[in-house]
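Numbering (my numbering), first residue to last: 138 to 541.
By construction, the Cβ of each residue, glycine as well, lies at the ideal position given by its N, Cα and C atoms.
Computed from a predicted model, the values in this text were never measured in an experiment.
To start, the structure under review is shown below, and the notes come after it.
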């Protein structure tokens, strides 16, 4: 794998750290600014919304700019946003800093996926995308726990200053290691938008929303579920999240490896197994060892879907894949937001802390059904093309036979 993928992975590590570390620092931030925890929660919501809307916006703005330069500009935006968060004198300023940092997220992963795939041979594309996303998954194992520890020990502002420094390292890596890939000739915004008329692209994005939504329906409420149902101490939630992160790392790498060999079978297996494991979580959540194993499996199976889904979008948006790739990153965040809301609804309805697992299982099963539908449509389209191509050949043969 090219060294340029390491630079992309470092950028992804910084972005993954800043996205998730805030969840462990909400009490400290809320206390410093004198706001409630739910109000401080807007720092999470604002970031997610920034990713959703920033992904297509920044990608459209970058259609005139070579991809390497755009990646560098996005890392610059990320650095500014985190520095602003680190020194913010008021809560509103910190919220602005979070949104500024989030604008880089979707476009960086979207453009980075295209660059990563272009750096390797066609049969290694999913593996290259997985290598970049490894930075995001490792952030959950190393960056988030370490950032939380720093924030709780010497102050949350230091955490965001360290994350900004990570952004500087990522920016330097992109500048030094990522080759100057020329912007594709003749690709205009209308070509990028045309990808959204492709049913397969839309189905892949819907699978992203539902499949990843299944993961976060459960994981969003892991703290109350593990402490109130499984009987873990409050301090155990950190290492359970590390276990989830380790599952993400393994699943991402396995998903990338097998997606290059058999993309759709990989999706069938990972989405089907995810639906089953989430359903079983309603039972395993009552036992400490079983729940810990389940948390690991949810991370592994959830992230095993990321490289194949991202590659599927790139494959079907060929010619102008950048915007579709970035919007698919926004789809992950839409899935997170949707599932967190649905999980909250079933808990508020009095169905208990394990009820979000059923929500997750249904979402993952729906994603599996879409995968089956997508594959069936693809086979039908291939058969129709083959038939259409066969007609002129048959006509030529008849004409040749008549002539002779």
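Go ahead and label residue i buried or exposed: buried means 16 or more other beta carbons lie within 10 angstroms of its beta carbon, across all protein chains shown.
i	result
residue 201	exposed
residue 313	exposed
residue 285	buried
residue 519	exposed
residue 300	buried
residue 155	buried
residue 235	buried
residue 426	exposed
residue 247	buried
residue 453	buried
residue 334	exposed
residue 412	buried
residue 293	buried
residue 168	exposed
residue 547	Residue 547 is absent from the structure shown; the chain starts at 138 and stops at 541.
residue 229	exposed
residue 86	Residue coverage of the chain in this structure runs from 138 to 541, which leaves residue 86 outside it and unanswerable.
residue 368	exposed
residue 316	exposed
residue 487	exposed
residue 203	exposed
residue 467	buried
residue 514	exposed
residue 400	buried
residue 336	exposed
residue 521	exposed
Hey, quick one: how far does the alpha helix (DSSP H) through residue i stretch, first residue to last?
i	result
residue 184	179-198
residue 287	281-291
residue 147	141-170
residue 409	400-421
residue 318	First-last for residue 318: undefined, no H or E at that position.
residue 375	373-396
I believe residue i touches residue j by the beta-carbon criterion, under 8 Å. Please report the beta-carbon distance rounded to the nearest angstrom.
i	j	result
residue 348	residue 151	Incorrect: roughly 25 Å between the Cβ atoms, too far for contact.
residue 345	residue 469	6 Å
residue 392	residue 385	The Cβ separation is near 10 Å, so there is no contact.
residue 267	residue 507	With 8 Å as the limit, residue 267 and residue 507 do not qualify as a contact, their Cβ atoms being about 22 Å apart.
residue 271	residue 389	6 Å
residue 501	residue 351	3 Å
residue 304	residue 212	6 Å
residue 239	residue 191	6 Å
residue 407	residue 441	4 Å
residue 422	residue 366	5 Å
residue 214	residue 237	6 Å
residue 162	residue 296	7 Å
residue 438	residue 410	5 Å
residue 99	residue 428	Any answer about residue 99 is impossible in this case: the structure gives the chain only from 138 up to 541.
Any Cβ of chain D within less than 9 Å of the Cβ of residue i?
i	result
residue 150	Absent from the structure: chain D. Only one protein chain is present.
Every unbroken alpha helix (DSSP H) inside the segment 330-363 [4 residues or more]: As summarised for the segment 330-363, the continuous alpha helix (DSSP H) elements at least 4 residues long and confined to that stretch are 336-356, given in chain order.
Ordered list of alpha helix (DSSP H) runs contained in the segment 427-472, each at least 4 residues: The alpha helix (DSSP H) runs of length 4 or more contained entirely in the segment 427-472 are, from start to end of the chain, 443-453.
I'd like the ranges of any alpha helix (DSSP H) spanning at least 4 consecutive residues and lying wholly in the segment 209-261. Qualifying alpha helix (DSSP H) stretches, in chain order: 228-255.
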